[in-house]
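Chemist: Structure provided below as structure tokens; questions to follow.
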Amino acid sequence: MNDDDSLLDELVGEDEAQHAADEHPAAGRGSRRGKRRAAGRRTPLRTMLPALVVLLALLAVGGGGFLGYRWLTANVDVASDADATDYPGPGTGEVVIEVKEGDSGGDIARTLQEAGVIKTTAPFSAQFGANPDASKISPGSYRLKKQMSSDEALTALLDPANVAGAKVTIPEGQRMSVILPRLSDATGIPVADFEAAAADYTALGVPENPAKSAEGYLWPGTYVFAEDATAQDVLSEMVARTLSELDKRGVAPQDQYRILTLASIAEKEAKTPEDYGRVVRTIQNRLDGVGEAGGTPMPLQLDSTVAYASGRSSVSTTAEERASDSPYNTYMHAGLPVGPISNPGGETIDAAISPPEGDWLYWVTVNTDTGETKFAATKAEHDANVREWQQWAQSKG
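Structure (structure tokens):
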């Protein structure tokens, strides 16, 4: 036996003997041999664990680290320490917790602990960080149990069956008249309630605007709305997301309406993400009268804005519709339409903020199957592109 083993035996023996003496005073008068025999019994030394850890660290410096670790794992119930930081599960009862937008694993852990779902935050935070699927936990409300293990709590949050409330996904580029029925289907709230809430648009957080509408301010994405949410609650949350995204991108309040209007047009006119910025640049060039325009602003003449005014789901319009006196009719009225014609997402907003450089004044989609769109700086070039589109359309019969 080396000096390290002897030191450990001394420490264990004295502790065991003292334990025996406390329970049976007569035993405290035994010989050193009695103390040695007491050392043979395994007993978790919780009160001495800190001192033992320090001792083992010192022994490691002298080359006794392995022997110290072997003795520690044989004599101290380390697993019971983990039990003290986590519930065994599977839990009881029911509790609803909320994961907020932008919550980290630590934030979620604290929410769970405060709700009595998990015992301490550390085990959950560790498992959250080690699980690549944990980032898929969406904001919203979840039904869980109290006194769950951290592993079971994380698994429950990843299971869509535990979502409490109404989950709905709103695609980019949808107009409000399409979004409101979709929200109604998901939440069970009547469409009329949503229409009434949307009509009082400033109460939702939408700034006063010329169109007097919340159009353009309903941020697309996936939401989980609380079971007791009202139509105003739902729309207000979507508006708040839009304002937050604009603020995050550094769009000044006085520029927000214009950016949303440009982005909403790009959603309808561009067929592919790479064309979003080109559409925005072409619109801006026409408004500024660049190139062949000779400094004179050109009418935008956008079918998408006329289709919005007429309620058409497609971008095509009739001669009668193009002759209407709607403030959205960019054939009849100069400049941008009175307001957004859809609810844009992040990509088109980014394109509206920073469109690419170019001298384009025209564009036409020459293949509506693939979405191929050609941009031109001159009328002659544009006319050639239009003929290409006409030939393609004829080939489709």
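End of the sequence shown = 432 in the numbering used here, gap-free, step of one. For glycine and all other residues, C-beta sits at the position ideal for the given N, C-alpha and C.
Let's see if you can read the secondary structure: which residues bound the beta strand (DSSP E) around Ser-176?
Modeler: 175 to 181
Chemist: Would a C-beta distance cut-off of 9 Å place Leu-193 and Leu-179 closer than the cut-off?
Modeler: Leu-179 sits away from Leu-193, with the two beta carbons spaced by 9 Å or more.
Chemist: Using the three-state DSSP reduction, which class does Trp-427 fall into: helix, strand or coil?
Modeler: helix
Chemist: Taking the C-alpha atoms as reference points, what is the distance between Lys-283 and Gln-426?
Modeler: 45 Å
Chemist: Measuring straight from C-alpha to C-alpha, what distance separates Gln-429 and Glu-423?
Modeler: 10 Å
Chemist: Given this structure, state the Cα-to-Cα distance separating Glu-133 from Gln-162, to the nearest angstrom.
Modeler: Answer to the nearest angstrom: the Cα atoms are 19 Å apart.
Chemist: Which word fits Thr-331, buried or exposed, when buried means at least 16 other C-beta atoms lie within 10 angstroms of its C-beta?
Modeler: exposed
Chemist: Quick one: Cα of Ala-264 to Cα of Met-273, how far?
Modeler: 13 Å
Chemist: Whose CA, out of Gly-137, Thr-296, Pro-167, Ala-165, lies closest to the CA of Pro-245?
Modeler: Of the listed residues, the one whose Cα sits closest to Pro-245 is Thr-296.
Chemist: Give the secondary structure of Ala-261 by DSSP, where H, G and I count as helix, E and B as strand, and everything else as coil.
Modeler: coil
Chemist: Closest to Val-325 by C-alpha separation, out of Gln-182, Ala-199, Ala-196, Lys-414, would be which residue?
Modeler: Lys-414
Chemist: Which of helix, strand or coil does DSSP assign to Tyr-397?
Modeler: strand
Chemist: Using CA coordinates, which residue listed in Pro-255, Val-198, Gln-182, Asn-197 is at the minimum distance from Arg-217?
Modeler: Pro-255
Chemist: Looking at the structure shown, is Gly-256 part of a helix, part of a strand, or coil, going by DSSP?
Modeler: strand
Chemist: Tell me which residues share the same chain as Pro-158 and place their Cβ nearer than 7 Å to its Cβ, disregarding the 5 neighbours each side in the sequence.
Modeler: Thr-120, Asp-121, Ser-185
Chemist: When you compare the stretch 328 to 345 with the stretch 361 to 371, are there three or more beta-carbon pairs, one atom per stretch, that lie closer than 8 Å?
Modeler: yes
Chemist: Tell me the rounded alpha-carbon separation between Trp-395 and Leu-215.
Modeler: For Trp-395 and Leu-215, the distance between alpha carbons rounds to 36 Å.
Chemist: Taking the straight line between their C-alpha atoms, what separation do you get for Ala-419 and Glu-230?
Modeler: Roughly 45 Å between the two C-alpha positions.
Chemist: Is the number of C-beta pairs between the stretch 297 to 309 and the stretch 334 to 343 that are closer than 8 Å three or more?
Modeler: Three or more beta-carbon pairs drawn from the stretch 297 to 309 and the stretch 334 to 343 are found closer than 8 Å, and the two stretches are therefore classed as touching.
Chemist: Kindly list the residues whose CB is nearer than 7 Å to the CB of Pro-362, restricted to its own chain and excluding five residues on each side of it in sequence; keep chain order.
Modeler: His-368, Pro-372, Val-373
Chemist: Here's the rule: buried if 16 or more other CB atoms are within 10 angstroms of the residue's CB, otherwise exposed. What is Lys-154?
Modeler: Buried is the call here.
Chemist: Do you know how far the Cα of Ala-165 is from the Cα of Lys-442?
Modeler: The shown model of the chain, from 36 to 432, leaves out residue 442, and the question about it has no answer.
Chemist: Going by C-alpha distance, which of Asp-168, Phe-260, Glu-129, Asp-220 is nearest Leu-189?
Modeler: Asp-168
Chemist: Taking only runs of the alpha helix (DSSP H) that begin and end inside the stretch 161 to 217, which ones reach a length of at least 4 residues, in chain order?
Modeler: 185 to 192
Chemist: Can you give me the C-alpha to C-alpha distance between Gly-432 and Val-401, rounded to a whole angstrom?
Modeler: CA-CA distance, Gly-432 to Val-401, rounds to 15 Å.
Chemist: Quick check: Gly-314 and Ala-328, are their CB atoms within less than 9 Å of each other?
Modeler: It should be noted that the sequence gives Val, not Gly, for residue 314. No, they are not a contact pair.
Chemist: For Gly-346, is the classification buried or exposed, using 16 other Cβ atoms within 10 angstroms of its Cβ as the cut-off for buried?
Modeler: exposed
Chemist: If we call anything under 9 Å between Cβ atoms a contact, is Ile-384 one with Ile-318?
Modeler: Contact flag unset, no.
Chemist: Strictly by DSSP, which residues pair up with Ile-132?
Modeler: Tyr-177
Chemist: What is the rounded straight-line gap between the Cα of Asp-142 and the Cα of Asp-235?
Modeler: One Cα belongs to Asp-142, the other to Asp-235, and the distance between them is close to 35 Å.
Chemist: Can you give me the Cβ contacts of Pro-123 inside the same chain, cut-off strictly under 7 Å, excluding the 5 residues immediately before and after it?
Modeler: Within the same chain, Pro-123 has close Cβ partners Ser-184.
Chemist: If we require 4 or more residues per run, which alpha helix (DSSP H) segments fall completely within the stretch 350 to 389?
Modeler: 354 to 357, 381 to 388
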